[in-house]
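S.K.: Structure below; questions to follow.
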Amino acid sequence: MTTISMCKRIDARIMMAMIMMTVPTMWFGCSPVRQTIDPQRALAGQKVYEQYNCLQCHGYDGNDKMNLKKALRKTGQDELKAWILDPGQFKPGTEMPAYGGVLADSEVNDVIQYLRQLAGKSR
Ligand code: HEC
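Numbering (my numbering), first residue to last: 27 to 149.
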């Protein structure tokens, strides 16, 4: 008898612990800015950022000429990619050059990793 009630009490505690661990994980998992960043790719992305002049227009914190955090929040990975490849389709006449045909697909992904890292640092 006693063993059974012991087990029940432990089960309830484990359940609580599991709920308390899962809720924040889900919460952070849903926030775009807190997506996990691959440091290796972010580093490669930093090189792209510097080499292809993103730096000249967007600065070291990514906030010159754009609000980086706002941009990352409102746009998903696919839209960001589409923007970088051809910003003119979203904003005709924008100063930002199209990087389609300039950057490889992996370079675009890397630079987005770097932008996410920047956004995380500047919060
Ligand atoms: C000649 C200047 C210039 C260069 C070079 C440049 N950008 Fe931009 N970028 C802009 C401007 C200006 C905007 C803001 C949009 C606007 O007002 O036209 C912008 C906006 C953005 C946005 C926000 C899009 C949104 O949805 O709000 C991202 C992301 C971005 N740039 C990434 C990059 C990356 C990555 C590079 C390098 C591969 C780069 N930019 C190079 C000028 C530039």
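Beta carbons: idealized from backbone N, C-alpha and C, even for Gly.
When you compare each of I63, C80, S132 to R121 by their alpha carbons, which one comes out closest?
M.R.: As written in the sequence, residue 121 is Glu, which differs from the Arg given in the question. The option with the nearest alpha carbon to E121 is C80.
S.K.: How far does the alpha helix (DSSP H) with P113 in it extend, from its first residue to its last?
M.R.: First-last for P113: undefined, no H or E at that position.
S.K.: Measuring only from the beta carbon, is K95 closer than 8 Å to any heavy atom that is part of the ligand HEC?
M.R.: Every heavy atom of the ligand HEC is 8 Å or more from the Cβ of K95, so no.
S.K.: Closer than 7 Å by C-beta to Q143: which residues in its own chain qualify, once you throw out the five before and the five after it? Chain order, please.
M.R.: Result list for Q143: I63, A68, in chain order.
S.K.: Please report the straight-line C-alpha distance between R99 and A145, rounded to a whole angstrom.
M.R.: Straight-line Cα distance between these residues: approximately 10 Å.
S.K.: Please classify V137 as buried or exposed, where buried requires at least 16 neighbouring CB atoms within 10 angstroms.
M.R.: Result: buried.
S.K.: Let's test the definition: count the other Cβ atoms within 10 Å of the Cβ of E133 and tell me whether it reaches 16, buried, or not, exposed.
M.R.: So E133 ends up on the buried side.
S.K.: In chain order, what residues of the same chain have a beta carbon less than 7 Å from the beta carbon of A38, not counting five sequence neighbours either side?
M.R.: No residues qualify anywhere along the chain.
S.K.: Ends of the alpha helix (DSSP H) at V74?
M.R.: Unbroken alpha helix (DSSP H) run through V74: 65 to 77.
S.K.: Is DSSP giving A38 helix, strand or coil here?
M.R.: Three-state DSSP puts A38 in a helix.
S.K.: Roughly how many whole angstroms lie between the Cα atoms of V59 and N135?
M.R.: Only weak support exists for where V59 lies, its pLDDT of 47 falling under 50; the coordinates are left without a value.
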